[in-house]
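Counting in this note's numbering, the sequence shown runs from 63 upward without gaps.
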Amino acid sequence: MTTVDWSAWRRQEPAPGAEGLRERKKRLLRQRLSDTATEMFLERGFDAVRVSEIARACDVSEKTVFNHFPTKESLILDRGEATSAALRAGLAETDRSPVEATLEILAEELRTLTSWLAAQDDPRDAAARIGRFGALTRSTPSLRAYHLDMTERLVAVAAEALARRGEGARTEDGDDRPGGPPPGPAGGPEVQIAAIALVGLWSVQYRSLARRLAEGTCAPDRLHEAVTADVRRAAALLAGGIDTDIDTSVACGTDTGTTSGSETGLATPAGTGRTSPRTPVHPTVQNMPR
């Protein structure tokens, strides 16, 4: 079976500095299993393909497949751990705001995808393949459920990273004295809403991609510009609250007796004396394949 290198359009991890022969074989087998499974799912439908068939196509045992992928769904949606690791590392860098760190991860994923499209002999056909993948994941209940689970796990990672970030800010401010206000936990409301909003930017990017790819009118460079603009418009709604409030609210706690705009989640438009709610971002991660 001829397969597309689906991993070519995904955010790539740095090549191991001293990858041995065994590790290289495992990595290449994992990629072949995922690429083959993706092609079979697209051709026949996710539910119509058995894992044993994928194993036979790759000349391995079914047990070998499950040694590399814990579930059938993870054969086609296998980048959750890499995305989680990137988000955890990005949010840990306190020289950048949470929104800036998230935007950098999304920008790298978008660059990888649009560069892959530009390198294809027929970018329209390549875009159609991406569209078919999106249609498959949206139309398959088990894959939609897997998306939801991945989203929840990514939100948990973001919340934990933001809480740790706040703890660091609290220590730097010297507010670790006995009786001082405790840092907000990962389950605190400020941290949770910030994490949900940050993860929601993935939904914005993938929805924008799907819409513009379906139109079939954007060249790869224009596609990159248009999707980037959409994501940054969404991020602008978050920056005022998350970037300016999350570190201090997590580090110092929130005075529930106050009603300022930043603490209630309301933004005050310039030149007015009233507040308006910040627009929520639906936090569904539409993951692309390897």
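No residue lacks a Cβ here, since even glycine has one placed at the ideal position from N, Cα and C.
Nothing here was measured: the structure is a model prediction, and the numbers come from that model.
Residue i versus residue j: straight-line alpha-carbon distance, rounded
i             : j             : result
proline 203   : glycine 107   : 12 Å
glutamine 182 : arginine 269  : 22 Å
aspartate 121 : lysine 87     : 14 Å
alanine 154   : aspartate 109 : 39 Å
glycine 193   : aspartate 283 : 18 Å
arginine 354  : glutamate 229 : Absent from the structure is residue 354, since the part of the chain shown begins at 63 and ends at 352.
alanine 189   : lysine 125    : 34 Å
arginine 226  : arginine 158  : 15 Å
Local Cβ density within 10 Å of residue i, reported as buried at 16 or more and exposed below that
i             : result
threonine 98  : buried
threonine 133 : exposed
proline 160   : buried
leucine 83    : exposed
threonine 326 : Annotation note: pLDDT 33 at threonine 326 (below 50); position unreliable, no value reported.
threonine 156 : exposed
alanine 298   : exposed
Cβ-based neighbour list, residue i, same chain, cut-off 6 Å, excluding 5 preceding and 5 following
i             : result
threonine 290 : none
glycine 142   : Met212
glycine 152   : Ala163 and Ile167
Per-residue DSSP class, three states only, for residue i
i                 : result
glutamate 105     : helix
phenylalanine 131 : coil
isoleucine 255    : helix
glycine 262       : helix
glutamate 162     : helix
isoleucine 138    : coil
glycine 250       : coil
arginine 294      : helix
glutamate 287     : helix
aspartate 97      : helix
glutamine 182     : coil
alanine 223       : helix
glycine 82        : coil
glutamate 155     : coil
alanine 148       : helix
valine 113        : helix
threonine 176     : helix
Cβ neighbours of residue i in the same chain (closer than 7 Å, five flanking residues each side left out)
i             : result
valine 111    : Met102 and Phe103
glutamine 254 : Ala221
alanine 257   : Val217, Ala220, Ala221 and Leu224
arginine 186  : Gly278
serine 123    : Ala117
Close-in-space but distant-in-sequence residues of the same chain around residue i (CB under 8 Å, 5 per side omitted)
i            : result
serine 146   : Arg215, Leu216 and Val219
arginine 274 : Cys280, Leu285, Ala288 and Val289
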